[in-house]
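Counting in the working numbering, the sequence shown runs from 57 upward without gaps.
Cβ coordinates follow ideal geometry from the N, Cα and C atoms, glycine included.
Here the structure is a predicted model, which is why all the values come from computation and not from measurement.
Please read the structure below before turning to the comments.
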Amino acid sequence: MRYLVAGAGFSGAVLARELAAAGFRVLVVDERDHVAGNCHTDRCPQTGVLVHRYGAHIFHTANDRVWNYVTGFAEMMPYRHRVRAKARGQVFSFPINLLTLNQLFGAQFSPAEARAHLAGLVEEIAEPANFEEQALSMVGREVYETFLKGYTEKQWGVHPTRLPASVLKRLPLRFSYDDGYYHDARQAMPREGYTPLVEAILAHENIELRLGCRAEDVTGGDSTSEAFAHVFWTGPIDRYFGHRAGRLGYRSLKFHEFVQDGDIQGVPVMNHCDAGVPFTRVIEHRWFAPWEMDRFDRSVAHVEYPAACGPEDIPYYPIRLVDEKRMLAEYVAMAGAAEGVSFLGRLGTYAYIDMDQAIERALEMADAALAAIREGRAPPVFARPVL
Ligand code: UDP
């Protein structure tokens, strides 16, 4: 009997590989015509530049197991992610650091002076309960309204008071001139892009990959359906249950692509923070592969427009609002009662996680599933608590 893995993104690929390496046969299906999910990269036919088809994906991790895992499948090239932000007619250093604060306040603050200045501006909120309260208690109203409020409203389509504080905790606040976007010592990009990396993970004699195939097509319960020892589902958890408790909210993205001679913006990502600008950021792809920059005399960029996620749209970000959490609890209960299925990944667990966390959790799921299988038990429903 084979195992079924629904979805060929990082979560599905890593899990399938671990099962295959342990000697089990696995069928991996994905409804798209490529692997790697939303990390998919390919070359722009007009310019030759490697393009992140579903938005910028920058690999960064503090986890050695994850790092050793990916470097076993692809050459990872050194990369330091840098972002700038346009707001109120100016270009700022970003994420918020000492230069950003000096630019905004027209000052020459030292680290201690900048801290003292912000301390005079922040609002005392003992336990920030949402994104806005978190921002006001961390950076005060002026910084919040310049860089965070408009961007966040555009990105999520809701008022920042309805978003969890954890969303803001993704962004660093630094009282130095360090303008790197991530803290992690390990930051890198796969030399040929993410799709060959995921293809390499899936390249195992015990894995059969079917693209353009929905999981429902092989498990349909009719004469063509196949029997599996267990299903590992990395698609949206609400879809697995036929949206019986309603549709969990996701945010989607639309991209406008354009090509230009020479360099477009001088930086991989330019955030556009003003509420009046209808997009959130512009990404210029060749900056994501600095080692091959000189090969191209034309450049391709994507303007990123956040959008509501209808039934036919691609989900990108789980929106964990209060109502969603209630609905998620219903799906978690259904998952607990269901037999023969485990859930993982950004969509399978409805979690705003990065690539390295997806890999880490897929490895955890594989460890737990293999231990369970060896002992004749069912694999766990989730690798970690979801709620
Ligand atoms: N954010 C913001 N202004 C910015 C950049 C980010 O307010 O210029 C907020 C926004 O709410 C966003 C969150 O910080 O959703 C996390 O940003 P990150 O860059 O990590 O988002 P991702 O790359 O995952 O879309």
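In DSSP terms, what Ser398 is bridged to
Paired residues: Phe288.
Would a C-beta distance cut-off of 9 Å place Ala407 and Val437 closer than the cut-off? With contacts defined by Cβ atoms closer than 9 Å, Ala407 and Val437 do not form a contacting pair.
In the DSSP assignment, find the unbroken alpha helix (DSSP H) run with Asn158 in it and report its ends. First-last of the alpha helix (DSSP H) with Asn158: 154 to 161.
Item to complete: Would you identify the three-state DSSP class for Ala357, choosing helix, strand or coil?
Response: DSSP places Ala357 in strand when its eight states are reduced to three.
ask   = Taking one C-beta from the segment 125 to 145 and one from the segment 201 to 216 each time, how about it: are there three or more such pairs within less than 8 Å?
value = Short answer: they touch.
Give me the Cα-Cα distance between Val107 and Asn119, rounded to the nearest whole angstrom. Val107 and Asn119 have their C-alpha atoms spaced approximately 26 Å apart.
- Message: Checking 9 Å against the spacing of the C-beta atoms, do Leu253 and Val82 come in under that value?
- Response: No, these two residues do not count as a Cβ contact at 9 Å.
- [ ] Report the three-state DSSP secondary structure of Tyr406 (helix, strand or coil).
- [x] Coil at Tyr406, not helix or strand.
So, under 8 Å CB-CB, Leu160 and Ala170 are touching, yes? Tell me the CB distance rounded to an integer number of Å. Taking a contact as a CB-CB distance under 8 Å, the pair Leu160 and Ala170 does not count as one, their CB atoms being some 10 Å apart.
*Does the distance from the CB of Asp235 to the CB of Pro151 come in under 9 Å?*
Between Asp235 and Pro151, the C-beta gap is smaller than 9 Å, which places the two residues in contact.
| task | Measure the beta-carbon distance from Ile257 to Val70 and round it to whole angstroms, keeping in mind my assumption that it falls under 8 Å. | result | Between Ile257 and Val70 a beta carbon distance of about 6 Å is seen, short of the 8 Å cut, so the two are scored as contacting.
| said: If you reduce the DSSP assignment to three classes, tell me which class Asn186 lands in. | reply: Collapsing the DSSP output to three states places Asn186 in coil.
Per DSSP, cross-strand counterpart(s) of Pro374: Pro374 pairs with Tyr306.
ask   = Is the Cβ-Cβ distance between Ser67 and Ala425 less than 9 Å?
value = No, they are not a contact pair.
Query - As assigned by DSSP and simplified to three states, the class of Pro246 - result: Of the three classes helix, strand and coil, the one that applies to Pro246 here is strand, per DSSP.
Review point. Can we count Phe187 as close to ligand 1, meaning its CB is less than 8 Å from some heavy atom?
Key: Relative to ligand 1, the beta carbon of Phe187 is positioned inside 8 Å of a heavy atom.
Worksheet entry | In DSSP terms, what His116 is bridged to | By DSSP's assignment, His116 forms a beta bridge with Gln243.
Review point. Alpha carbon to alpha carbon, how far is Cys329 from Gly206?
Key: Using only the alpha carbons, I get a separation of about 6 Å.
Measuring from the CB of Ala141, is there a heavy atom of ligand 1 at a distance below 8 Å? Taking non-hydrogen atoms of ligand 1 into account, the C-beta of Ala141 is found less than 8 Å away from one of them.
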